[in-house]
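Heads up: the sequence shown begins at 8 in the numbering used here, then just goes up one per residue.
Cβ atoms here follow ideal geometry from the backbone N, Cα and C, with glycine treated the same way.
To start, the structure itself, in structure tokens.
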Amino acid sequence: MSPQPQAAVGAPLSRVDGRLKVTGQAQYAADLPHARTTSRGGTPVPEGVVHAVVVDSSVGRGRITGIDTRAAEAQPGVLKVIHHRNAPKLPYGPNPGSLNLPGERLRVFQDDQIRFHGQPVAVVVATTLEAAQHAASLVKIDYDTEQPATALADAPATGEPVTYGRGDAEAALRSAPVRLDMTYRTARNHHNAMELHATVAQWDGDRLTLWDKTQWVQSPRDEVAANFGIPTENIRVISPFVGGAFGNAARAWPHITVAALAAREAGRPVKLVLTRRQLYFGVGFRPAYEYQVRLGSDRRGRLTAMTHDLRAETSRYETFAERGVLSPGQMLYTTPNVSQTYRTVPLDVNTPTPMRGPGYSTAAFPIESAMDELAHELGIDPIELRRRNEPENDQSSGRPFSTRRLRECYTVGAHEFGWNRRNPKPRSTREGDWLIGTGMATALYDTLRAPGQAGVRLDADGTALVESSTSDMGPGTYTSMTQVAADALGLAVRNVTFRLGDTDMPTAPLHGGSLTMASVGSTVQDGCDKLRQQAIKLAVEDEDSPLYGADAADIVVRGGRLHVKDDSARGETYRQLLTRNKRAYLEATGSWTPGRSRSSMYAYGAVFAEVGVDARLGLVRVRRMLGVFDAGRIISPKLADSQAIGAMVGGIGMALLEHTVTDHRDGRIVNANLADYLVPVNADVRDLKAIYVDGRDDEADPLGVKGLGEVVLVGVAPAIANAVFHATGRRVRDLPITAESLL
Ligand code: MOS
8 MSPQPQAAVG
18 APLSRVDGRL
28 KVTGQAQYAA
38 DLPHARTTSR
48 GGTPVPEGVV
58 HAVVVDSSVG
68 RGRITGIDTR
78 AAEAQPGVLK
88 VIHHRNAPKL
98 PYGPNPGSLN
108 LPGERLRVFQ
118 DDQIRFHGQP
128 VAVVVATTLE
138 AAQHAASLVK
148 IDYDTEQPAT
158 ALADAPATGE
168 PVTYGRGDAE
178 AALRSAPVRL
188 DMTYRTARNH
198 HNAMELHATV
208 AQWDGDRLTL
218 WDKTQWVQSP
228 RDEVAANFGI
238 PTENIRVISP
248 FVGGAFGNAA
258 RAWPHITVAA
268 LAAREAGRPV
278 KLVLTRRQLY
288 FGVGFRPAYE
298 YQVRLGSDRR
308 GRLTAMTHDL
318 RAETSRYETF
328 AERGVLSPGQ
338 MLYTTPNVSQ
348 TYRTVPLDVN
358 TPTPMRGPGY
368 STAAFPIESA
378 MDELAHELGI
388 DPIELRRRNE
398 PENDQSSGRP
408 FSTRRLRECY
418 TVGAHEFGWN
428 RRNPKPRSTR
438 EGDWLIGTGM
448 ATALYDTLRA
458 PGQAGVRLDA
468 DGTALVESST
478 SDMGPGTYTS
488 MTQVAADALG
498 LAVRNVTFRL
508 GDTDMPTAPL
518 HGGSLTMASV
528 GSTVQDGCDK
538 LRQQAIKLAV
548 EDEDSPLYGA
558 DAADIVVRGG
568 RLHVKDDSAR
578 GETYRQLLTR
588 NKRAYLEATG
598 SWTPGRSRSS
608 MYAYGAVFAE
618 VGVDARLGLV
628 RVRRMLGVFD
638 AGRIISPKLA
648 DSQAIGAMVG
658 GIGMALLEHT
668 VTDHRDGRIV
678 NANLADYLVP
688 VNADVRDLKA
698 IYVDGRDDEA
708 DPLGVKGLGE
718 VVLVGVAPAI
728 ANAVFHATGR
738 RVRDLPITAE
748 SLL
């Protein structure tokens with residue numbers, strides 16, 4: 008078939024859902040029931056919704072010895088107070104369909120055990136939010152308290168470590184002319200999306216509808232079905248808009264089951280919104296790590312050995328381990344001898360979860376800092392050092408790279424950033440009180456892909472509706488899928504509507520791991536290709552069509568009009584074709600399953616940062632940052648920039664501000680709010696820029712994309728940390744880099 012002209016893909020479109028968002032018409036889970044709700048497209052709307060408020064454990068470990076709910080129940084408007092003594096026993100069956108981890112997931116209100124500070128211990132249902140909040144404060148709970156262990160540094164690892172090795176790293180280290188041994192620490196971080204986690208649950212007999220904040224509508228469906236022992240077909244999950252998630256709305260956290268339980272017990276639709284404080288223990292987080300790097304190299308900076316010893320926090324009831332944290336150490340640089348040991352440390356905390364650039368952004372800080380330390384030790388430029396260790400293939404698998412344009416990222420980045428003007432000597436540039444420094448780091452992220460389906464319908468009026476049950480937590484799925492569909496159908500963007508976020512739609516994979524564009528994009532393209540081919544076939548076989556008898560392979564569609572590729576005068580519109588054939592619409596189902604790859608597929612990047620450090624106060628200010636990314640083809644440049652710039656902001660947080668602090672005496676998180684958990688604000692964000700070395704990766708997927716949303720975060724924190732070293736001569740190996748660590 009003739010390739011379709013690409014008009015929408017690659018164009019810097021604004022978000023197609025932008026107007027809905029800025030005018031408040033986009034309905035998030037917590038907005039329901041919405042004053043302006045209309046039952047569009049048959050989507051149900053909950054009615055008679057009451058409110059649930061969760062009571063959290065005020066101790067970090069132990070058991071509940073007494074619950075007094077009398078004062079709460081006496082409050083006007085209170086319908087139910089549910090806790091482990093009166094809650095029905097739920098089956099909590101196996102959930103093969105979702106993101107469960109080794110261990111046993113938290114079972115809400117099923118026993119008297121307290122596993123972490125903030126664990127849900129009761130829920131109050133009332134007719135108003137205020138009544139539920141007040142009553143929740145009146146629930147009196149007695150505990151038999153034990154000392155919780157919440158400090159990673161003090162607790163032992165248990166279980167078998169995950170290990171990897173090639174060559175003989177210990178022997179190679181012993182004989183290396185240059186050896187370095189450093190330990191880095193990264194703080195626990197919380198995703199802190201702007202939108203709070205929220206669920207509205209409504210039962211109709213044994214059927215349940217959940218309006219939820221989720222990155223994957225199948226996830227709460229499967230989890231709640233397993234927990235209640237009902238078929239997944241009985242549950243519909245609706246989630247058209249998500250106000251940021253960064254990985255934290257992928258798993259179905261306990262509050263979703265609480266909402267469903269509360270709705271069932273109260274016999275009313277229930278809305279449950281976690282507070283900002285509850286987010287710090289009600290849902291997952293990026294775990295803290297200790298990461299020891301030992302490296303050996305020759306005097307010219309060629310790595311001979313690297314060892315990676317990691318310890319990371321997890322909960323006592325589940326083992327969270329992220330394989331991505333090991334990948335960079337295995338394949339980023341030419342290293343003949345590698346040894347890795349990754350241990351998880353069970354603590355009295357809730358279970359961690361992936362957070363943006365999961366694993367990779369954690370590993371990039373120690374590895375890219377260590378490379379900077381080696382460059383300094385040897386007096387070699389940091390980019391030159393990386394070039395000298397650039398591998399020809401993936402040494403962990405022996406596979407060729409599908410595409411790896413990292414050298415180009417270095418070259419373009421160095422040129423654009425003005426790297427060559429850099430005086431390599433630390434603490435060599437000063438402007439008044441400010442020490443100025445620059446640093447860089449490499450970024451990479453796995454090109455993940457997963458099978459999915461999409462439905463496409465073209466109406467006789469020449470407009471199309473495309474659906475897939477994926478999500479849009481912010482990267483702009485609505486827009487990018489519309490672009491792909493518009494080009495594949497040969498329609499203007501305004502004539503294509505893309506819908507998502509409903510389990511009634513064709514199945515899509517998790518909206519995470521930067522796999523949506525490759526995976527859902529390819530299914531959308533497939534469905535639209537099939538539909539276009541159907542229309543072309545209809546035309547060339549229709550004696551009344553000007554295209555009758557033409558070779559289908561020669562026909563393209565542009566602006567809703569089918570025509571012979573080299574004879575644009577010969578053709579007709581979809582509308583003419585369908586109307587004449589008395590077809591109200593054409594339909595097709597798209598699908599795509601990634602083939603087994605023979606190549607190593609990653610997205611790459613090089614991140615450059617310039618910081619100023621106040622020599623007297625230790626304050627760090629990021630003055631400018633540049634990211635150059637090899638993420639394959641860029642579908643939507645404006646949204647790509649939104650991802651890349653947003654990730655730089657997030658990376659400033661990871662490097663300089665974000666740190667979830669626990670009081671280890673009782674396991675309480677002490678900064679569980681946005682006043683004390685610091686995130687970058689506008690004044691922290693100055694000159695940020697992203698460049699893409701645009702180009703297809705045809706092995707990855709039919710669209711040629713490699714995923715962008717994660718890789719853009721990965722190199723940011725180490726680039727800033729390296730710039731801080733260059734500015735001050737002080738190497739800080741703990742994130743976040745605070746003022747006190749520089750004094
Ligand atoms: Mo991303 S951490 O997979 O949402």
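I believe residue i touches residue j by the beta-carbon criterion, under 8 angstroms. Please report the beta-carbon distance rounded to the nearest angstrom.
i	j	result
F615	L593	In fact, because the Cβ distance is near 49 angstroms, the residues do not count as touching under 8 angstroms.
G67	H124	4 angstroms
S598	Q460	5 angstroms
L451	V721	6 angstroms
P276	P53	4 angstroms
H666	P743	5 angstroms
L180	E380	15 angstroms between Cβ atoms; not a contact.
A295	L159	5 angstroms
A270	D466	Not a contact, Cβ separation roughly 37 angstroms.
Y298	P373	4 angstroms
R350	P601	The pair is not a contact, with the Cβ atoms about 32 angstroms apart (cut-off 8 angstroms).
V531	A492	5 angstroms
Quick one: using the 10 Å Cβ neighbour count with 16 as the cut-off for buried, is residue i buried or exposed?
i	result
N357	buried
S476	buried
P247	buried
S64	buried
E617	buried
L750	exposed
R22	buried
M201	exposed
N689	exposed
T45	Note that T45 scores 49 on pLDDT, short of 50, meaning its location in the model is unreliable; the coordinates nonetheless yield the value given after this. Exposed.
P127	buried
D708	buried
R43	Reliability of the predicted coordinates at R43 is poor, the pLDDT of 48 falling under 50, and no value is obtained from them.
Q154	exposed
E474	buried
A81	exposed
N427	exposed
Tell me, which residues are paired with residue i by DSSP?
i	result
N196	R293
N344	A312
S607	F408
S598	Q460
I121	G69
P353	T321
A613	T449 and V635
H90	A129
Q209	T216
W441	E438 and D621
R186	G303
H58	A133 and K278
Which same chain residues end up closer than 6 angstroms to residue i when comparing Cβ atoms and leaving out the 5 residues on each side of it in sequence?
i	result
V332	G366, T369 and A370
D637	R412, C416, Y611 and V700
G619	W441, I443, R628 and R630
T221	P227, S246 and A256
M8	A560
A156	A162, L354 and D355
T152	V66 and G69
F424	F615 and L633
Output needed for residue i: all residues of its chain with C-beta closer than 8 angstroms, excluding positions within five of it in sequence on either side, in chain order.
i	result
E747	G625
Under 7 angstroms from any heavy atom of the ligand GTP, does the C-beta of residue i make it?
i	result
P163	For the structure depicted, the ligand GTP is absent and the ligand set comprises only the ligand MOS.
What residues in its chain sit with their C-beta under 7 angstroms from that of residue i, if we drop five residues either side in the sequence?
i	result
P803	This structure does not reach residue 803, given that the chain is present from 8 up to 750, and the question cannot be answered.
D536	A495
I89	F116, A129, V130, L268, A269 and E272
Is the Cβ of residue i closer than 8 angstroms to any Cβ of chain C?
i	result
Y592	In the structure shown, chain C cannot be found, because there is only a single protein chain.
For a minimum of 4 consecutive residues, which ranges assigned as the alpha helix (DSSP H) are wholly contained in the region 224 to 311?
225 to 235, 261 to 273 and 286 to 289
- [ ] Enumerate, from N- to C-terminal direction, the unbroken alpha helix (DSSP H) stretches of 4 or more residues contained entirely within the region 472 to 545.
- [x] 484 to 496
Taking only runs of the alpha helix (DSSP H) that begin and end inside the region 661 to 733, which ones reach a length of at least 4 residues, in chain order?
-> 718 to 721
At which residue ranges does the region 563 to 596 contain complete beta strand (DSSP E) runs of 3 or more residues, listed in the order of the chain? 568 to 571 and 574 to 580
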